[in-house]
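For the record, in the sequence shown the residue sitting at position 104 is 223 according to the working numbering, with numbers rising by one throughout. Cβ atoms here follow ideal geometry from the backbone N, Cα and C, with glycine treated the same way.
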Amino acid sequence: MSKLFLFYILMLITRNSLLSLLIVLVLYFVLDRRYIGLLPDFSAPLRTRREVSRLKREVMLNPHNAEALSDLGRDLVRMKRYREGVEYLGRALNRMSDIPETQFYLGVGYLYLKDLDRAKNHLQKAVQLDPRYRYGEPYLRMGDYHVERNELDEALKSYEAFTGIHTSSSEGFFKIGELQLRKGDSDKAKIYFRKSMQAFRGSPAHKKRIDRPWYWKARLRLLRL
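Next up, the structure:
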């Protein structure tokens, strides 16, 4: 209703329906980026691809630039190009073994490649180097590792360590809820699914874009319990 009213006011001012619609869309986009977080960040993939291209050129010119190799591997893992990503990260490892970011993304890459022993090794090193890196995300991925191994008690410990650091993670609370369901405790599961939804509602706009899938998963789980 408010959008229609704004459109009507702009029509009176501009006397041009197309221009009025364009202004409304631009205003909504700006407000969404700042406060709402409903729309995806359309420019992010393009920025990442450009950065990957730049880093590949840098690595071709200087194959021993460990920082560029690590950054390139990190970006490729984020783009879900895991095999390519771990190759570059592995090349950086000799000089970057004490950097939590390098160890973390190697662990994540190997985790999604189902090379679980290597994943565990690098994620544990990331935890040792900096347990609070990315608000404790090494613990979150260690939890994912234990789930892959069907080690539910160990997974729960890792997820709880993560949410102890990152107290507003929709993903972390959802995954604890999932574990409680698998352990047969539906009452505890409901508590954590509600926490997942509350964490989403309290998030800033940029984080809502990341957490929205976990919010809906938690909501659907609650509807079924």
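Exercise. Going by other Cβ atoms of all chains shown within 10 Å of its Cβ, with 16 needed for buried, is K327 buried or exposed?
Worked result: buried
For this session: Select from A245, G226, G228 and D304 the residue whose C-alpha is nearest the C-alpha of P219.
Result: A245
Problem set entry | N-terminal and C-terminal residue of the alpha helix (DSSP H) that S277 is part of | L271 to I284
Exercise. Which class does P250 belong to by DSSP, given the choice of helix, strand or coil?
Worked result: coil
For this session: Tell me, please, whether the segment 277-287 touches the segment 255-262 by the rule of three or more beta-carbon pairs shorter than 8 Å.
Result: Three or more Cβ pairs drawn from the segment 277-287 and the segment 255-262 lie within less than 8 Å of each other, which places the two stretches in contact.
Problem set entry | Helix, strand or coil at M120 [DSSP, three-state] | Note that M120 has pLDDT 49, beneath the 50 cutoff, so the model's placement of it is unreliable and the number below is only indicative. Here M120 sits in coil by DSSP.
Problem set entry | Contacts around L191, its chain only, beta-carbon distance under 7 Å, and the 5 residues preceding and following it disregarded | V171, L174, K175, V178 and Y207
Problem set entry | Local Cβ density within 10 Å of L230, reported as buried at 16 or more and exposed below that | buried
Exercise. Looking at C-alpha atoms only, which residue of E290, H265, L341 and Q243 is the closest neighbour of K233?
Worked result: H265
Exercise. Got a sec? Which residues, its chain only, sit under 8 Å from H241 by beta carbon, not counting five neighbours each side?
Worked result: So the list reads Q222, F223, L225, G226 and Y229, once near-sequence residues are dropped.
Problem set entry | Delimiting residues of the alpha helix (DSSP H) encompassing N213 | Element bounds for N213: Y201 to M215.
Exercise. If you drop the 5 nearest sequence neighbours on each side, which residues of the same chain put their C-beta closer than 7 Å to that of A211?
Worked result: A185, L188, S189, G192 and T221
Exercise. Under three-state DSSP, which class holds P323?
Worked result: coil
For this session: Could you tell me the boundaries of the alpha helix (DSSP H) in which K294 lies?
Result: Unbroken alpha helix (DSSP H) run through K294: S289 to R301.
Exercise. So, helix, strand or coil for K309, using DSSP?
Worked result: helix
Exercise. By Cβ distance, which residues of its chain are closer than 6 Å to M120, with the 5 residues on each side in sequence left out?
Worked result: Reliability fails at M120, whose pLDDT of 49 lies under 50, so the model's placement of it is uncertain and no value is given.
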